[in-house]
Amino acid sequence: WITCPRYIVESKVFTVFTTLLTVYALTGDDIRLLSTEEPADPIFDGITTACFLIFTLEIILCILGKDDYFLSFFMILDVVSTGTLILDLT
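Take 9 as the starting number for the sequence shown in our numbering and just add one per residue.
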């Protein structure tokens, strides 16, 4: 059962999907501030919450599927960067 989380995290589809979410996570709040009004905030909050949940799932899958991930530099980096998404919520 340990190979299943590793297979998911290392699949090309999951990698491309999380890469696109990362681009959104880095630019979404700026796009919201530059191009929308306040009524659009719940939509951006929903997308940001979905990113938070998917990145949290990715961290859990990496902990379960990768031997050297737990408490590694990359895990701490992932946890901190995922946690900062909370700051983007309005």
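Even for Gly, the Cβ is constructed at its ideal location relative to N, Cα and C.
Rounded to the nearest whole angstrom, the C-alpha separation of PHE81 and VAL88 is 11 Å. A buried status is given to PHE52, since no fewer than 16 other beta-carbon atoms sit within 10 Å of its beta-carbon.
The shortest C-alpha to C-alpha distance from GLY91 to any of ALA33, PHE22, LEU69 and GLU45 is the one to ALA33. The shortest CA-to-CA distance from LEU29 to any of LEU61, CYS12, SER19 and GLU18 is the one to LEU61. Apart from the 5 residues on each side of it in sequence, THR64 sits with its Cβ closer than 8 Å to the Cβ of THR90 in its chain, given in chain order.
DSSP places PRO13 inside the alpha helix (DSSP H), whose first and last residues are 11 to 18. Membership of PHE60 in the alpha helix (DSSP H) is indicated by the continuous run 49 to 73. DSSP places PHE25 within a helical segment (H, G or I) once states are collapsed to three.
Contact check for ILE68 against PHE78 fails: the beta carbons are separated by 8 Å or more.
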